[in-house]
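Everything on this sheet refers to the single structure shown next.
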Amino acid sequence: MVTATDTESDFTTLPEMPADVFTAPLKKPGHLGEDWLEPAQAVYDSAQDAIWDDLFNRQMDVLPGLAASAFMRGTEKLDLGRGGVPDFARISEELDKLTGWSVVPVPMLIPDHVFFWHLANRRFPAGNFIRTRETFDYIQEPDVFHDVFGHVPMLTDPTYADYMQEYGKAGWKAMKYNRLKALGALYWYTVEFGLILEGDDVRAYGAGILSGPTEAVFSVKAASPNRIMLNVDRVMRTDYVISDLQPTYFVIESFEDLYRQTVERDFDRLYRNLSPAFTYANSAVIDVDNVLHRGSQEYLLRGGRGSGAAPV
Ligand SMILES: [Fe+2]
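Note that this note's numbering has the sequence shown beginning at 204, numbered continuously upward.
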């Protein structure tokens with residue numbers, strides 16, 4: 204049997220993983236292969252194309268001045284606002300020319316090892332379905348808008364594109380040491396909810412921020428959340444909340460810095476010293492932090508989502 208250890212440096216073959224390495228075992232629909240790819244991208248009707256257009260226009264009204272320049276450039280390079288849900292084949296062709304990545308359709312969430320395998324081979328797995336009008340503002344599962352609008356523009360940036368591939372490769376090691384939670388925190392605080400310095404300003408590059416209107420303003424402008432310079436070791440010890448605005452955001456100096464911090468880190472040593480549970484609460488500020496903004500946590504203290512608290 205092929206194990207995670209054997210395939211550590213060979214990312215061409217999908218590794219066989221025992222079921223207990225999965226953080227959330229998933230049942231594979233019968234029509235999908237072992238790669239969990241949908242045979243083709245979904246066909247969207249005009250009402251679904253209109254949902255894409257409305258989501259796109261809403262975000263593009265909000266994001267200038269909040270989103271990272273690399274993200275704004277990426278949406279233009281890929282022409283994501285040409286109307287309707289973008290065709291994955293066309294985006295892949297454009298991306299391939301820019302950074303050698305492609306976008307592949309998958310059903311909702313896929314197992315961790317398959318996700319890592321695609322990333323390690325510069326393929327971004329994107330949800331095939333699009334949200335409904337009823338779930339226009341918030342969905343739990345990543346849909347095509349979150350995945351393609353939120354994530355794919357950043358893959359036009361060469362350094363960020365390399366970081367994503369390295370992240371996929373790092374997944375093998377995290378599974379070997381049973382430290383997927385820690386590596387998941389790094390993904391969460393960078394790829395989903397990352398901020399970057401541009402001059403004296405903070406801008407968002409994380410897809411979880413960029414694919415919704417509220418968190419784009421909250422993460423960059425609000426007084427409530429902490430904004431702390433990213434340190435990979437610290438982030439991998441930090442808990443995160445999945446169903447509400449973040450109490451803390453981590454800020455990178457540049458994508459080069461993020462890439463360097465990740466590839467130069469000795470993950471073997473880190474994982475050996477890392478406890479299985481998180482050390483720091485998601486609202487904590489600790490001694491070693493380089494704090495850009497110490498949050499008031501007013502939003503959290505007033506009860507967060509569901510309490511009616513304003514995201515201030
Ligand atoms: Fe995402």
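Ideal placement from N, C-alpha and C gives every residue a C-beta, glycine not left out.
For residue i, which residues from the same chain have a beta carbon less than 7 Å from its beta carbon, with the 5 sequence-adjacent residues on both sides left out?
| i | result |
| --- | --- |
| Gln500 | Ser427, Pro450 and Ser486 |
| Leu269 | Arg406, Ala407, Ala419, Val420 and Val423 |
| His365 | A small correction: the amino acid at residue 365 is Asp; His does not occupy that position in the sequence shown. Answer for Asp365: Tyr462, listed in chain order. |
| Pro345 | Gly330 |
| Arg505 | Ala512 |
| Lys231 | Trp239 |
| Phe348 | Trp255, Leu258, Ile333, Arg334 and Ser414 |
| Gln368 | Leu322, Ala323 and Arg325 |
Tell me the rounded alpha-carbon separation between residue i and residue j.
| i | j | result |
| --- | --- | --- |
| Asp290 | Ala243 | 11 Å |
| Ala385 | Asp257 | 36 Å |
| Tyr273 | Thr359 | The question names Tyr, but residue 273 is Ala in the sequence shown. If I take the Cα positions, the gap works out to 8 Å. |
| Glu237 | Leu495 | 45 Å |
| Tyr380 | Asp436 | 16 Å |
| Leu448 | Arg430 | 13 Å |
| Ala480 | Asp492 | 20 Å |
| Ala253 | Asp471 | 48 Å |
| Arg382 | Pro314 | 15 Å |
| Asp350 | Ala323 | 17 Å |
| Leu341 | Arg497 | According to the sequence provided, residue 341 is Tyr. The question's Leu does not apply to it. Distance between the alpha carbons of Tyr341 and Arg497 is about 27 Å. |
| Ile294 | Asn476 | 41 Å |
| Met220 | Val317 | 10 Å |
Take residue i and list the residues in its own chain whose beta-carbon comes closer than 6 Å to its own, dropping the five residues that flank it on each side.
| i | result |
| --- | --- |
| Gln343 | none |
| Gly411 | Glu395 and Phe396 |
| Gly374 | Phe319 |
| Val246 | none |
| Ala271 | Ile399, Arg406 and Tyr408 |
What's the call for residue i, buried or exposed, on a 16-neighbour Cβ count within 10 Å?
| i | result |
| --- | --- |
| Gly509 | exposed |
| Met378 | buried |
| Thr215 | exposed |
| Glu395 | buried |
| Ile333 | buried |
| Thr441 | buried |
| Gly353 | buried |
| Val515 | exposed |
Whole-angstrom Cβ separation of residue i and residue j, contact assumed at under 8 Å?
| i | j | result |
| --- | --- | --- |
| Gly371 | Phe319 | 5 Å |
| Val438 | Phe453 | 6 Å |
| Val530 | Gln251 | Missing from the structure shown is residue 530; the chain here goes from 204 to 515 and no further. |
| Trp391 | Tyr474 | Not a contact, Cβ separation roughly 17 Å. |
Tell me which residues share the same chain as residue i and place their Cβ nearer than 8 Å to its Cβ, disregarding the 5 neighbours each side in the sequence.
| i | result |
| --- | --- |
| Ile489 | Arg437 and Tyr483 |
| Val265 | Pro416, Ala419 and Val420 |
| Phe339 | Ile254, Asp257 and Leu258 |
| Leu298 | Leu281, Trp304, Ser305, Val306, Val355, Leu358 and Thr359 |
| Ser446 | Gln343 and Arg508 |
Completely contained alpha helix (DSSP H) runs for the region 259 to 325, where each covers 4 or more residues: Taken in chain order, the complete alpha helix (DSSP H) segments of 4 or more residues contained in the region 259 to 325 are 272 to 280, 291 to 302 and 315 to 323.
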